[in-house]
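Asks: Have a look at the structure that comes next, please.
10 protein chains.
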Amino acid sequence: MLYHVFMDVKIPRDLPAEERADILAREKAYSQDLQRQGTWRHIWRVAGQYANVSILDVRDNAELHQILSALPLFPFMQITVTPLLRHPSAIRGDDS
Amino acid sequence: MLYHVFMDVKIPRDLPAEERADILAREKAYSQDLQRQGTWRHIWRVAGQYANVSILDVRDNAELHQILSALPLFPFMQITVTPLLRHPSAIRGDDS
Amino acid sequence: MLYHVFMDVKIPRDLPAEERADILAREKAYSQDLQRQGTWRHIWRVAGQYANVSILDVRDNAELHQILSALPLFPFMQITVTPLLRHPSAIRGDDS
Amino acid sequence: MLYHVFMDVKIPRDLPAEERADILAREKAYSQDLQRQGTWRHIWRVAGQYANVSILDVRDNAELHQILSALPLFPFMQITVTPLLRHPSAIRGDDS
Amino acid sequence: MLYHVFMDVKIPRDLPAEERADILAREKAYSQDLQRQGTWRHIWRVAGQYANVSILDVRDNAELHQILSALPLFPFMQITVTPLLRHPSAIRGDDS
Amino acid sequence: MLYHVFMDVKIPRDLPAEERADILAREKAYSQDLQRQGTWRHIWRVAGQYANVSILDVRDNAELHQILSALPLFPFMQITVTPLLRHPSAIRGDDS
Amino acid sequence: MLYHVFMDVKIPRDLPAEERADILAREKAYSQDLQRQGTWRHIWRVAGQYANVSILDVRDNAELHQILSALPLFPFMQITVTPLLRHPSAIRGDDS
Amino acid sequence: MLYHVFMDVKIPRDLPAEERADILAREKAYSQDLQRQGTWRHIWRVAGQYANVSILDVRDNAELHQILSALPLFPFMQITVTPLLRHPSAIRGDDS
Amino acid sequence: MLYHVFMDVKIPRDLPAEERADILAREKAYSQDLQRQGTWRHIWRVAGQYANVSILDVRDNAELHQILSALPLFPFMQITVTPLLRHPSAIRGDDS
Amino acid sequence: MLYHVFMDVKIPRDLPAEERADILAREKAYSQDLQRQGTWRHIWRVAGQYANVSILDVRDNAELHQILSALPLFPFMQITVTPLLRHPSAIRGDDS
């Protein structure tokens with residue numbers, strides 16, 4: 027089941043550089059791991075913003091929340107979730 | 027080059043049923059033709075709304091506008107365009 | 027799986043009275059049928075507004091959309107969907 | 027009498043970890059106690075957000091405010107209250 | 027129990043003059059009747075707008091909705107309800 | 027002359043407890059003094075919020091501002107002023 | 027006593043040309059009459075919009091409303107009122 | 027050439043009292059000097075807010091910005107500029 | 027003197043096709059004439075919208091309004107004006 | 027390919043003066059370098075605000091983001107990107 031997730035990142039200026047680097051490294055590993063498993067279907071950067079648009083493929087709302095709330099950047103993100111479904115005009119097998 | 031396009035549809039109540047059916051049939055054919063060509067990469071329905079989230083892969087802003095403004099439903103849509111690019115954490119070959 | 031659905035109704039003034047009455051009767055029957063099946067878990071009127079807050083229990087996003095878009099009042103509603111999940115402090119068996 | 031309450035939590039980063047843990051433990055106990063009494067009818071987590079949707083069953087506006095303003099997390103919450111009532115299409119005995 | 031109610035009126039231009047006059051007369055009588063009973067505690071015009079701020083004293087959310095939805099102008103109003111309670115600094119006996 | 031005043035209070039967390047207690051005590055005394063004089067006609071708490079709705083009866087805009095800007099909590103409030111007048115349907119002598 | 031009034035005009039397309047011309051002529055005469063009396067202190071057009079910013083000098087909220095609600099264009103305007111007073115840095119005799 | 031300028035002031039709490047007093051004194055002198063020159067045509071306080079509405083008469087956009095950005099309070103203000111022109115109904119010689 | 031002008035076009039569906047074509051032809055001629063004179067410095071289409079961003083170079087606010095309000099599409103546009111000036115980092119001779 | 031970019035700058039008060047001066051000098055050099063290359067086509071200051079409107083001419087979304095995210099002021103800016111294209115009424119060779 028697919029969800030559209032918009033993630034807007036605001037890292038506070040006073041976060042120590044090392045802590046920041048560590049969080050970003052863990053965020054990247056976490057995201058790539060989920061991409062490899064097929065759960066995090068797509069991730070795109072929004073031009074001009076420290077933000078991304080993602081498509082997640084999960085079992086249900088609970089799994090979606092479990093994944094998002096475990097993001098290393100979660101405390102510094104504003105997240106907007108939009109539930110998606112197959113569009114009647116879609117022709118790609120994986121658009122649902 | 028990828029763009030995130032949100033299309034919100036409001037068909038006026040007084041549009042004759044036949045004209046409406048004709049527009050919807052042409053919209054579907056137009057969208058599926060572009061999907062087959064790989065230009066309209068993804069299309070998803072938004073749960074509970076007469077709206078969709080789409081990803082288009084076009085040469086430039088001009089081609090994007092030419093495609094969107096030629097949509098049979100264009101006069102009845104509120105469209106929001108967000109330019110995307112490859113995310114540094116993306117691993118899929120086709121996420122850019 | 028639970029969803030919070032806010033439905034705001036605006037019936038156009040020029041809808042013939044008979045058509046209006048027919049839609050409202052079908053809307054009520056449709057809602058009560060789904061309530062009896064346990065799909066439409068809760069429905070409450072919002073004080074001072076022609077609007078309701080509902081909790082739906084469905085299999086997935088697709089079933090949610092299928093149910094909402096089949097509402098007789100769907101063309102006259104502004105619908106907002108919020109995906110829910112069990113709260114870690116919940117104690118009721120049916121709050122998920 | 028039922029009220030729809032949306033609670034959006036923003037705990038400041040500089041709150042000492044111990045104070046934070048203590049507040050969260052007291053919040054959970056407080057909420058579960060009121061759930062057991064039947065006052066806090068429902069509580070759901072909103073997917074992707076540190077927020078919840080709750081239904082409270084209280085005597086009047088004053089009792090509602092007394093309960094909400096005594097929440098251990100109250101200073102860190104943005105709360106929105108919506109008064110509810112029985113919907114004319116409701117069939118469940120406890121939807122009012 | 028007190029509620030703050032903001033009523034914003036937009037009467038459509040094509041409402042026949044007679045129907046309009048009739049609705050306004052019934053609205054006035056209805057409001058004054060409830061004022062005499064003490065239910066509609068206060069009503070003030072907002073300067074420069076076809077709108078009013080009112081304070082209603084009712085038994086519960088259900089009675090509030092029953093009163094508001096029976097307003098002759100209800101179909102032409104945007105209504106916002108805010109539940110009130112006695113302020114800890116209030117000294118007037120009737121501010122609750 | 028009546029004004030509707032909405033006061034939304036946000037006291038910063040780092041305000042010393044003593045200073046906070048002192049400000050709140052002075053705010054209460056100031057408000058009650060003006061209530062006794064009949065200037066601060068009504069004050070109600072908004073359910074679930076650290077906010078109040080008030081009705082002030084003053085000579086003119088200047089007196090209103092003099093009173094509001096002298097509130098001990100003024101630096102910590104977001105204030106919205108709405109000028110009111112007698113509603114043509116009002117029957118109470120003191121609704122103007 | 028001064029008020030800042032923003033008037034945004036939207037005349038419906040289907041208003042007969044003659045009625046429109048008549049309303050505009052009466053609006054102009056009405057405004058100029060009040061300007062001559064010193065009540066309508068200032069009126070400026072907003073660049074690029076069918077809107078104006080005005081300063082009115084009236085006895086009280088009631089007189090302000092009486093004047094605004096009698097504007098021939100009142101049914102076609104969105105009006106926003108802001109109560110003003112003398113600024114402590116003002117030096118002009120007539121800025122209050 | 028006239029501009030409508032809305033200035034909303036938010037002085038941070040941690041600004042040292044002396045610095046604050048100095049800024050306010052310089053702001054007042056600066057404003058009064060421009061008022062005497064006829065550049066700052068009007069200034070009014072907004073009731074209940076630390077904000078003002080001003081009318082400036084300058085040569086062009088560049089002079090307007092030079093004046094506003096040199097305000098001692100500029101770093102603590104949210105400024106909104108609206109270009110004005112003579113209204114066709116204006117009768118005062120100085121309303122343009 | 028430069029102004030940034032955003033023009034959002036909404037032509038009503040019931041405008042006769044001939045009238046529409048005539049307005050569009052006159053709009054184009056009007057715009058191109060002003061472009062040739064150097065007054066309408068730039069005009070760009072916004073991707074996915076029936077809207078444009080323009081830069082106009084005029085003598086003052088009054089000339090700007092005279093030009094905009096004479097646009098054949100003016101009654102069907104929502105226009106937003108932003109006054110511009112030379113940026114301190116600009117190097118192009120014509121960016122002011 | 028052209029993009030409209032609005033940049034709103036908010037430099038935190040506690041940024042050391044030297045760091046601030048250094049960032050501003052690098053920002054200016056960076057912008058002027060891109061202007062000389064023809065990439066940063068236009069830059070204008072918005073009157074009364076610490077903000078600018080710019081037109082960038084880049085190969086694609088990715089280059090746009092690479093340029094914007096490398097701005098020395100990027101961490102202190104709110105950036106809004108709007109993709110542009112040649113307007114059908116444009117006559118200037120470089121308006122696309």
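If you read the sequences in order, they're chains F, D, H, V, S, X, Z, E, C and L.
For the first sequence, the numbering used here begins at 27 and goes up steadily by one.
For the second sequence, the numbering used here begins at 27 and goes up steadily by one.
For the third sequence, the numbering used here begins at 27 and goes up steadily by one.
For the fourth sequence, the numbering used here begins at 27 and goes up steadily by one.
For the fifth sequence, the numbering used here begins at 27 and goes up steadily by one.
For the sixth sequence, the numbering used here begins at 27 and goes up steadily by one.
For the seventh sequence, the numbering used here begins at 27 and goes up steadily by one.
For the eighth sequence, the numbering used here begins at 27 and goes up steadily by one.
For the ninth sequence, the numbering used here begins at 27 and goes up steadily by one.
For the tenth sequence, the numbering used here begins at 27 and goes up steadily by one.
Built from N, CA and C at the ideal position, the CB exists for glycine as well.
All figures in this text were calculated on a predicted structure; none of them were measured in a lab.
Whether or not the stretch 73 to 87 of chain S and the stretch 79 to 97 of chain Z are in contact is what I'm after, with contact meaning three or more pairs of Cβ atoms, one per stretch, closer than 8 Å; do they touch?
Replies: Touching, yes.
Asks: Just to confirm the assignment, what range does the alpha helix (DSSP H) spanning Arg-46 of chain F have?
Replies: By 1-based counting over the first sequence, the position of residue 46 of chain F is 20. That run of the alpha helix (DSSP H) goes 43 to 62.
Asks: Would you call the CB atoms of Leu-90 of chain H and Val-79 of chain V closer than 8 Å?
Replies: Here residue 90 of chain H refers to the residue found at position 64 of the third sequence. Here residue 79 of chain V refers to the residue found at position 53 of the fourth sequence. No. Outside cutoff.
Asks: Name, please, each residue of chain S whose Cβ falls closer than 7 Å to the Cβ of Gln-61 of chain X.
Replies: Here residue 61 of chain X corresponds to residue number 35 of the sixth sequence, with the count starting at 1. Those are Ile-117, Arg-118, listed as they occur along chain S.
Asks: With DSSP as the reference, please indicate the residues paired to Val-31 of chain C in a beta bridge.
Replies: For this step, residue 31 of chain C is matched to residue 5 along the ninth sequence. C:Ser-80, C:Val-107, per the DSSP bridge assignment.
Asks: Among Z:Ser-115, Z:Val-107, Z:Asp-59, Z:Ile-117, which residue has its Cα nearest to the Cα of Leu-28 of chain Z?
Replies: As a position in the seventh sequence, residue 28 of chain Z is number 2, starting the count at 1. Comparing Cα positions, the closest option is Z:Val-107.
Asks: How would you write the range of the alpha helix (DSSP H) that His-91 of chain D sits in, first residue to last?
Replies: By 1-based counting over the second sequence, the position of residue 91 of chain D is 65. Where His-91 of chain D is concerned, the enclosing alpha helix (DSSP H) stretches over 87 to 95.
Asks: Could one say the Cβ of Lys-36 of chain D lies closer than 8 Å to chain F's Cβ atoms, at least one of them?
Replies: Position 10 of the second sequence, counting from 1, holds the residue named residue 36 of chain D. So no, Lys-36 of chain D is outside the interface.
Asks: Gln-63 of chain Z: buried (16+ other C-beta within 10 angstroms of its C-beta) or exposed?
Replies: Here residue 63 of chain Z refers to the residue found at position 37 of the seventh sequence. Classification of Gln-63 of chain Z: exposed, given that the 10 Å Cβ count is below 16.
Asks: Pop quiz: Leu-99 of chain V and Val-35 of chain V are said to be a contact at Cβ under 8 Å. What is the actual Cβ separation, rounded to whole angstroms?
Replies: Sequence index remark: in the fourth sequence, residue 99 of chain V carries index 73 (1-based). Sequence index remark: in the fourth sequence, residue 35 of chain V carries index 9 (1-based). Rounded, the Cβ-Cβ distance is 6 Å, consistent with contact.
Asks: Please check the pair Asp-121 of chain C and Ile-69 of chain L, which I expect to be a contact at CB under 8 Å, by giving their CB distance rounded to whole angstroms.
Replies: Reading the ninth sequence from its first residue, position 95 is the one you call residue 121 of chain C. Reading the tenth sequence from its first residue, position 43 is the one you call residue 69 of chain L. Right, their Cβ atoms sit about 6 Å apart.
Asks: So which residues of chain V does Asp-48 of chain H contact, with C-beta pairs closer than 7 Å?
Replies: In the third sequence, residue 48 of chain H corresponds to position 22, counting from 1. The premise fails here: Asp-48 of chain H is roughly 15 Å from chain V at the closest Cβ pair, so nothing lies under 7 Å.
Asks: Under 8 Å, Cβ to Cβ, is there at least one residue of chain S near Arg-127 of chain V?
Replies: The structure shown does not extend to residue 127 of chain V, since chain V is modelled only from 27 to 122, so the question has no answer here.
Asks: Would you please verify whether the beta carbon of Arg-85 of chain C is less than 8 Å from any beta carbon of chain D?
Replies: Counted from its first residue, the ninth sequence places residue 85 of chain C at position 59. No, no contact with chain D.
Asks: Among X:Ala-51, X:Pro-101, X:Ala-55, X:Trp-66, which has the Cα closest to the Cα of Ile-37 of chain X?
Replies: Counting from one through the sixth sequence, the residue named residue 37 of chain X turns up at place 11. Nearest option by C-alpha distance: X:Pro-101.
Asks: How about Pro-109 of chain D: is its C-beta nearer than 8 Å to some C-beta of chain L?
Replies: Within the second sequence, numbered from 1, the residue matching residue 109 of chain D stands at position 83. True, the Cβ-Cβ gap to chain L drops below 8 Å.
Asks: Do we get a CB-CB distance below 8 Å when we pair His-30 of chain C with the residues of chain Z?
Replies: The residue given as residue 30 of chain C occupies position 4 in the ninth sequence. False, the Cβ-Cβ gap to chain Z never drops below 8 Å.
Asks: Determine whether the Cβ of His-91 of chain C lies closer than 8 Å to any Cβ atom of chain Z.
Replies: As a working note, residue 91 of chain C is residue 65 in the ninth sequence. Output row for His-91 of chain C: interface = yes.
Asks: Per DSSP, Ile-69 of chain L is paired with what?
Replies: For the purposes of this step, residue 69 of chain L is taken as the residue at position 43 of the tenth sequence. DSSP output for Ile-69 of chain L lists L:Ser-80 as bridge partner(s).
Asks: For Gln-75 of chain Z, go through chain C and note every residue whose CB falls closer than 7 Å to its CB, in chain order.
Replies: Here residue 75 of chain Z refers to the residue found at position 49 when the seventh sequence is read from its first residue. The contacting residues are Ile-105.
Asks: What distance in whole Å lies between the Cβ atoms of Arg-112 of chain Z and Ala-88 of chain X, which are believed to be in contact at a cut-off of 8 Å?
Replies: Position 62 of the sixth sequence holds residue 88 of chain X. Position 86 of the seventh sequence holds residue 112 of chain Z. Sure, about 7 Å apart at Cβ, within 8 Å.
Asks: Please confirm whether Ala-88 of chain F has its beta-carbon closer than 8 Å to some beta-carbon of chain G.
Replies: The structure shown contains no chain G; its protein chains are F, D, H, V, S, X, Z, E, C and L.
Asks: Ser-57 of chain D touches chain F at which residues, Cβ-Cβ below 8 Å?
Replies: In the second sequence, residue 57 of chain D corresponds to position 31, counting from 1. Neighbours of Ser-57 of chain D on chain F, chain order: Ser-115.
Asks: Under 7 Å Cβ-Cβ, which residues of chain C neighbour Met-27 of chain E?
Replies: The count along the eighth sequence starts at 1 and reaches residue 27 of chain E at position 1. Under the 7 Å cutoff, chain C gives Asp-86, Asn-87.
Asks: Count the other CB atoms, across all protein chains shown, that sit within 10 Å of the CB of Gln-61 of chain E; report buried if there are 16 or more and exposed otherwise.
Replies: Within the eighth sequence, residue 61 of chain E is the residue found at index 35, counting from 1. Counting Cβ neighbours within 10 Å, Gln-61 of chain E comes out buried, since at least 16 surround it.
Asks: Please return the same chain residues whose Cβ sits closer than 6 Å to the Cβ of Arg-71 of chain E, not counting the five positions on each side in sequence.
Replies: In the eighth sequence, counting from the first residue as 1, residue 71 of chain E sits at position 45. So the list reads Asn-78, once near-sequence residues are dropped.
Asks: Against chain L, does Asp-40 of chain C count as a neighbour if the rule is that its beta carbon must be under 8 Å from one of theirs?
Replies: Position 14 of the ninth sequence, counted from the first residue, corresponds to residue 40 of chain C. Not an interface residue.
Asks: Is the beta carbon of Ser-57 of chain S sitting closer than 8 Å to the one on Ser-57 of chain X?
Replies: For the purposes of this step, residue 57 of chain S is taken as residue 31 along the fifth sequence, with counting starting at 1. For the purposes of this step, residue 57 of chain X is taken as residue 31 along the sixth sequence, with counting starting at 1. No.
Asks: Taking C-beta to C-beta, are Ile-81 of chain Z and Met-33 of chain Z nearer than 8 Å?
Replies: What you label residue 81 of chain Z is simply residue 55 of the seventh sequence in a count that begins at 1. What you label residue 33 of chain Z is simply residue 7 of the seventh sequence in a count that begins at 1. Result no, Cβ atoms of Ile-81 of chain Z and Met-33 of chain Z do not sit closer than 8 Å.
Asks: Name the DSSP beta bridge partners of Arg-112 of chain X, please?
Replies: Counting from one through the sixth sequence, the residue named residue 112 of chain X turns up at place 86. The partner list for Arg-112 of chain X (beta bridge, DSSP) reads S:Trp-70.
Asks: Please report the distance separating the alpha-carbon of Lys-54 of chain C from that of Ala-47 of chain C.
Replies: The residue labelled residue 54 of chain C in the question sits at position 28 within the ninth sequence. The residue labelled residue 47 of chain C in the question sits at position 21 within the ninth sequence. Rounded to whole angstroms, Lys-54 of chain C to Ala-47 of chain C spans 11 Å at the Cα level.
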